[in-house]
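The structure appears below as structure tokens.
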Amino acid sequence: MLLIIGLDGATLDLIAPWMDEGRLPAMASLRAEGACGELQSTLPPVTAPAWASFMTGKNPTHHGVFDFFDPASPDLDVPRLVSAADIQGATLWDYLTAHGVRLGVLNVPLTYPARPVHGFLVPGLLSPVEGGHAQPPNLLEPYRDHLGAYRLTPGRLFRPGDEVAFAGELGDLTERQLAYACALATDRQPDLFMVHFLATDIAQHKLWHTIDSDHPRHSPTPATRHLLAELFSRVDAGIERLHAAYPADTVVVMSDHGFGPQHNVVNINIALEQAGLLRWRPGAGRALWRAASRRRLTHAAASRLRRRQRLLHFADVDWEQTRAFSLGHMGQVTVNLRGRQRWGAVPAADYRSTLAAVESALARLCDPATGARLAVETVRANTKAVPVAGPDLHVIIDGYRSVAYPAFAADGRSVARHPLSDSGSHRTNGILLARGPAIRPGSIVGARLIDLAPTLLHLLGAAIPDDLDGHVLTQLFRSDFLLANPPKRRAAMAPERGLSDGEAATDPRLRDRLRALGYLDS
């Protein structure tokens, strides 16, 4: 049996010292007796594309998910939310089902709508109903009376000064999910059981400033300084409980990305406008935007003004005169390419020069507090002569200490303090811990998130599809296991046909949930 525990956003930057201090004995035992290392995430290191890459073994360019929303949405002001239906090609669960492996999958993001599996699956984040749409249907109903209603996300918003109560809410959320996991594991005993915990990601977004003495908002109190460590300790104890309920011979703990401090938010579209790369229709929202910028409105005040009278929207963009735009959380920039974008204006011959102009504009960004230039690194996502779908440029600003606003910041500044109360943001360095009879103890070097799908398939005796970007992590296995089990290859499965995105694309409950977590513009 194989137990996989996904700790969303977990990073060795925090976990390793806590293991050394004895706060995380379960994970420390995995490290001491098994393999441990960092796990390179996707570009961008965002939850939706990262978990799609985990499940497919492919980079976002090949599985088609780049953020929580579809950058090709007809209305970019209300972009369509992505779902499992947007994942191009078969997933890890499809291949393991075909191989006859009995699965138990709980909470993994981007598994709604659930595809049929051999076993059971409860969709995670981006499911419009918490605990609903499970496969098989009504899977969770027998547990509701004694465990309570199933939950995916916290039931309260975070507000500065509310750290203790919010951390308690995240602990309660984790406990509810853990109780269901233990009950399902005990009753069902699948061959592979995977449980995902979102609270570790949310906690680092909202509470990073409580542990980081260099953070601009750092103001610890005796009540807040250990909140993050206590939540991870609770999860660590849960690993022991879960392993007792499901005594798997192999245990894997992993994350989709890492974490670090967040100081600023960058409105890339304003920077593009200032460089003449994005233009507005005459008079569209401009007077209000200038007033908001001049008056330095608070986020709340500017948001109220925007809701009443409209500040800046994609509907205000003059697409015929716009060469590039940004939509996403971690600095995704798309060239308004003719023939590819809905209102494309840039001819193919000007594609690379447009990218260069964007890079030049972003290199001029400055920290509003110090006036110093922000360190900007750009990664060109499309290296082919004919660019494929998806963002063309990934922008890493100040080592991810500055992240992009999803669309347009309401106060009209290109760089500002984050208005969504986040003090932490994603990094590319996730974690991988593994222990089992086939696992070689020691350090793991150079592992990537896209390598996990082929590695898990190989561990369970399934053949590796021929269309994956990832590779089997042979360094993870003992030499005798590799000699006895050489990798097998197979043709890729045909993509699932007829899978609908169901309610996720338009459900207002889901939008409210993502907005509360800071993933959508308020």
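Residue 106 in numbering that gives the first Met the number 0 sits at position 107 of the sequence shown, with consecutive numbering throughout.
We put the beta carbon where it would ideally sit given N, CA and C, even for glycine.
Consult DSSP for residue 376 and reduce its assignment to one of helix, strand or coil. For the purposes of this step, residue 376 is taken as the residue at position 377 of the sequence shown. In the structure shown, residue 376 sits in a strand (DSSP, three-state: E or B).
Let me check understanding here. Comparing Cα to Cα, which of 378, 413, 391, 389 lies closest to residue 398? Stepping through the sequence shown from its first residue, residue 398 is reached at position 399. Among 378, 413, 391, 389, the Cα nearest to that of residue 398 belongs to 378.
Considering only their Cβ atoms, is the gap separating residue 424 from residue 261 smaller than 7 Å? In the sequence shown, the residue the question calls residue 261 occupies position 262. In the sequence shown, the residue the question calls residue 424 occupies position 425. Cβ distance < 7 Å, so residue 261 and residue 424 count as in contact.
Suppose you measure from the CA of residue 329 to the CA of residue 431; what does that come to, to the nearest Å? Along the sequence shown, read from residue 1 onward, the residue named residue 329 stands at position 330. Along the sequence shown, read from residue 1 onward, the residue named residue 431 stands at position 432. Distance between the alpha carbons of residue 329 and residue 431: 23 Å.
Can residue 216 and residue 478 be called in contact, C-beta distance under 7 Å? Locating residue 216 in the sequence shown gives position 217, where the first residue counts as 1. Locating residue 478 in the sequence shown gives position 479, where the first residue counts as 1. No.
Let me make sure I understand the geometry here. Which of 185, 121, 393, 206 has the alpha-carbon closest to that of residue 548? As shown, the chain starts at 0 and ends at 521. That puts residue 548 outside it, with no answer to give.
Anyone know if the C-beta pair for residue 112 and residue 124 falls short of 7 Å? Residue numbering aside, residue 112 sits at position 113 when the sequence shown is read from its first letter. Residue numbering aside, residue 124 sits at position 125 when the sequence shown is read from its first letter. Cβ distance not < 7 Å, so residue 112 and residue 124 don't count as in contact.
Residue 81 - DSSP class collapsed to helix/strand/coil: Residue numbering aside, residue 81 sits at position 82 when the sequence shown is read from its first letter. Three-state DSSP puts residue 81 in coil, outside helix and strand.
Between the beta-carbon of residue 256 and the beta-carbon of residue 103, is there less than 7 Å? Counted from its first residue, the sequence shown places residue 256 at position 257. Counted from its first residue, the sequence shown places residue 103 at position 104. The answer is no: Cβ separation not under 7 Å.
Run through DSSP, which three-state label would residue 442 get? The residue given as residue 442 occupies position 443 in the sequence shown. Residue 442 falls in the strand class under three-state DSSP.
Out of 200, 243, 134, 205, state which residue places its alpha-carbon closest to the alpha-carbon of residue 157. By 1-based counting over the sequence shown, the position of residue 157 is 158. Of the listed residues, the one whose Cα sits closest to residue 157 is 205.
In the DSSP assignment, find the unbroken beta strand (DSSP E) run with residue 424 in it and report its ends. Residue mapping note: residue 424 aligns to position 425 of the sequence shown, counting from 1. Per DSSP, residue 424 belongs to the beta strand (DSSP E) from 423-426.
Using 7 Å as the threshold, is the C-beta distance between residue 267 and residue 403 below it? Here residue 267 corresponds to residue number 268 of the sequence shown, with the count starting at 1. Here residue 403 corresponds to residue number 404 of the sequence shown, with the count starting at 1. Yes, these two residues count as a Cβ contact at 7 Å.
For residue 67, name the three-state secondary structure that DSSP assigns. Numbered from its first residue, the sequence shown carries residue 67 at position 68. Note: residue 67 maps to coil in three-state DSSP.
Quick check: the Cα distance between residue 149 and residue 368, rounded to an integer number of angstroms? Here the question's residue 149 lines up with position 150 in the sequence shown. Here the question's residue 368 lines up with position 369 in the sequence shown. Going from the Cα of residue 149 to the Cα of residue 368 covers about 44 Å.
Simplified DSSP assignment, three categories, for residue 225: Taking the sequence shown and counting its residues from 1, the one referred to as residue 225 is at position 226. Here residue 225 sits in coil by DSSP.
Within the region 184-219, note down every full alpha helix (DSSP H) run reaching 4 residues or more, in order along the chain. 198-206
Using only the alpha-carbon positions, how far apart do residue 467 and residue 371 sit? Residue numbering aside, residue 467 sits at position 468 when the sequence shown is read from its first letter. Residue numbering aside, residue 371 sits at position 372 when the sequence shown is read from its first letter. Using only the alpha carbons, I get a separation of about 42 Å.
Inter-residue Cα distance where the pair is residue 360 and residue 344: As a working note, residue 360 is residue 361 in the sequence shown. As a working note, residue 344 is residue 345 in the sequence shown. Cα-Cα distance, rounded: 19 Å.
Residue from 208, 269, 235 whose Cα sits closest to the Cα of residue 258: Your numbering for residue 258 matches position 259 in the sequence shown. Answer by Cα proximity: 208.
If you draw a straight line from the alpha carbon of residue 184 to that of residue 319, how long is it in whole angstroms? If you number the sequence shown from 1, residue 184 lands on position 185. If you number the sequence shown from 1, residue 319 lands on position 320. So the two alpha carbons sit approximately 56 Å from each other.
Between residue 585 and residue 137, which are expected to be in contact by the criterion C-beta below 8 Å, what is the C-beta distance as a whole number of angstroms? Summary: the structure shown does not reach residue 585, with the chain confined to residues 0 through 521, and so no result is reported for it.
Taking a contact to mean a Cβ-Cβ separation below 7 Å, would you say residue 142 touches residue 182 in this structure? Position 143 of the sequence shown, counted from the start, is the residue given in the question as residue 142. Position 183 of the sequence shown, counted from the start, is the residue given in the question as residue 182. Against a cut-off of 7 Å, the Cβ pair of residue 182 and residue 142 comes out as a contact.
6 Å CB neighbourhood of residue 237 in its chain, flanking five on each side removed: In the sequence shown, counting from the first residue as 1, residue 237 sits at position 238. Around residue 237: 177.
At what residue ranges does the region 315-343 contain a whole run of the alpha helix (DSSP H), taking only runs of 4 or more? none
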